[in-house]
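Under our numbering, the residue at position 153 of the sequence shown is numbered 172, and the numbers go up by one with no gaps. Virtual Cβ for every residue (Gly too), placed ideally from N, Cα, C. Nothing here was measured: the structure is a model prediction, and the numbers come from that model. Each remark here refers to the structure printed beneath this line.
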Amino acid sequence: MKKTLFTLLLVFLALPALAGNTLLIASGAGYKTVVEALSEAYARQSGTTVERIYGNMGQIIGQAQTSGKVDMLIGEEGFLRSSALPLAESAPLGTGRLVMAWPSGKEEPADLKSATVTRIAVPDPKRAIYGKAAREYLENSGQADALKDKLVVVGTVPQVFTYLTTNEVDAGFINLTQAVAVKDRIGGFREVDQSLYNPIAISCIRLETSPSPDVARDFAKFLETGTARSIIAAHGL
20 MKKTLFTLLL VFLALPALAG NTLLIASGAG YKTVVEALSE AYARQSGTTV ERIYGNMGQI
80 IGQAQTSGKV DMLIGEEGFL RSSALPLAES APLGTGRLVM AWPSGKEEPA DLKSATVTRI
140 AVPDPKRAIY GKAAREYLEN SGQADALKDK LVVVGTVPQV FTYLTTNEVD AGFINLTQAV
200 AVKDRIGGFR EVDQSLYNPI AISCIRLETS PSPDVARDFA KFLETGTARS IIAAHGL
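And the structure:
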């Protein structure tokens, strides 16, 4: 009886620690839908509380630097590793793909240089990886000079989506993951030639300063499971 009571006491004392497992993920805003789905699936499986914050790459790097509370970053690996953050191992999610989208009620722009296309939204190339990819695509396709006065630079991929839904632009560059998530709220989208912009390797990277390193490593293992890979594939990565 005493042994049973002692065992139950140990279990009871362990519960707060187990229930208190928390993981904080900072992700590029363009991956919100897939990160939400992955976080919810992992939380159901593990009982971990998964907190999420979103922004452009510059914003989430800044959050990680100043808060000291971020466990994992999700975004383009090369961009993140070029920062001054103390980054540890990474788990690959997939390859990001750039698309050109247009608003509901409008036809697909056959030629962005056409006079019927007057405003094109792009994420900020200095802060958002798909803004950088869009700039590379326009330069390598020989359209950059012709379109420079049409470009409307905004902070993030979701802001481009907002401009599309309010019909403030005739076209916009976003990532495939975002496009799949909002396909019923835009006119359509098409992938651009992947050979005209640098590959976008999307990864989940643990910070060496992670407050919950064991939980972060467990989440990285979860990303290798069939459940996680199915979620990732369904979101265009």
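For glycine 207, which residues of its own chain have a beta-carbon under 8 Å away from its beta-carbon, when the five flanking residues on both sides are left out?
-> Closer than 8 Å at the Cβ level, and outside the excluded window around glycine 207, lie Ala120, Trp121, Glu127.
Note the first and the last residue of the continuous alpha helix (DSSP H) segment covering alanine 163.
-> First-last of the alpha helix (DSSP H) with alanine 163: 163-166.
Starting from proline 177, trace the beta strand (DSSP E) both ways and give me its first and last residue.
-> Looking at the DSSP string, proline 177 is not in any beta strand (DSSP E); the run it does join, the alpha helix (DSSP H), is 176-184.
Examine the Cβ distances between the region 190-204 and the region 42-49 and report whether three or more of them are shorter than 8 Å.
-> Result yes; three or more Cβ-Cβ pairs closer than 8 Å.
Taking the continuous beta strand (DSSP E) assigned at glycine 207, which residues delimit it?
-> Segment 207-210, the beta strand (DSSP E) holding glycine 207.
Which term fits proline 105, buried or exposed, when burial requires 16 or more other beta carbons within 10 angstroms of its beta carbon?
-> With fewer than 16 other Cβ atoms within 10 Å, it is exposed.
At what residues does the beta strand (DSSP E) containing serine 19 begin and finish?
-> Any answer about residue 19 is impossible in this case: the structure gives the chain only from 20 up to 256.
Which runs of the alpha helix (DSSP H) fall wholly inside the region 58-144 and span at least 4 residues, in chain order?
-> Qualifying alpha helix (DSSP H) stretches, in chain order: 76-86, 96-100.
Threonine 185 to proline 232 span [Cα, whole Å] = When rounded, the separation of the alpha-carbon atoms in threonine 185 and proline 232 is 42 Å.
Going by DSSP, name the residue or residues bridged to isoleucine 44.
-> Answer is Arg71, Met91, bridged to isoleucine 44.
Expected contact under 8 Å - CB spacing of threonine 175 and proline 144 to nearest Å | Distance from threonine 175 to proline 144 at the Cβ level is roughly 12 Å; contact not present, criterion being Cβ atoms closer than 8 Å.
Rounded straight-line distance, which links the Cα of serine 123 to that of alanine 247 | Taking the CA atoms as reference points, alanine 247 sits about 32 Å from serine 123.
Short check: CB of glycine 97 to CB of alanine 239, under 8 Å?
-> Note that the C-beta distance between glycine 97 and alanine 239 is not below 8 Å.
Would you kindly report the start and end of the unbroken beta strand (DSSP E) that includes glycine 191?
-> That run of the beta strand (DSSP E) goes 190-194.
Starting from the Cα of tyrosine 156, find the closest Cα among Ser214, Ile251, Ile205 and give me that residue.
-> Answer by Cα proximity: Ser214.
Under the rule that 16 or more other beta-carbon atoms within 10 Å means buried, what is serine 58, buried or exposed?
-> So serine 58 ends up on the buried side.
Going along the chain, which residues of its own chain have a beta-carbon closer than 7 Å to the beta-carbon of arginine 100, five neighbours each way excluded?
-> Excluding positions up to five away in sequence, the list reads Leu106.
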